[in-house]
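The opening residue of the sequence shown carries number 263 in my numbering; numbering runs sequentially from there.
In this text, a Cβ means the ideal position worked out from N, Cα and C, and glycines have one as well.
What follows is a set of notes on a single structure, which appears directly below.
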Amino acid sequence: MTLSIITHRSKPVSTHIPSHTPGFRSDIFEAQVIATNDFNFAPPLDILLVPGGLGNRFLERNKDKAIED
Numbered sequence: 263m264t265l266s267i268i269t270h271r272s273k274p275v276s277t278h279i280p281s282h283t284p285g286f287r288s289d290i291f292e293a294q295v296i297a298t299n300d301f302n303f304a305p306p307l308d309i310l311l312v313p314g315g316l317g318n319r320f321l322e323r324n325k326d327k328a329i330e331d
């Protein structure tokens with residue numbers, strides 16, 4: 263099995279919760295994930311998992327369509 267982490271940019275991706283998310287402290291911890299590929303050079307996939315969470319609300323508010331495109 264090969265796991266590929268794909269993102270819209272080729273640098274570390276933060277798991278930081280946006281600071282203006284009501285009810286959550288954003289200063290508790292932050293991890294970063296190193297993507298193996300970006301959207302332009304993604305390998306063929308058998309299964310696609312799209313993570314959810316509070317960060318998705320931030321993307322929706324800013325009309326970020328990177329995942330949908």
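For A293 and S276, what's the separation of their Cα atoms in angstroms? 6 Å
Taking the alpha-carbon positions, what's the F301 to S272 distance? 9 Å
Secondary structure at N324, three-state DSSP: helix, strand or coil? coil
When the Cα atoms are used, what is the spatial distance from R319 to P313? Taking the straight line joining both Cα atoms gives about 12 Å.
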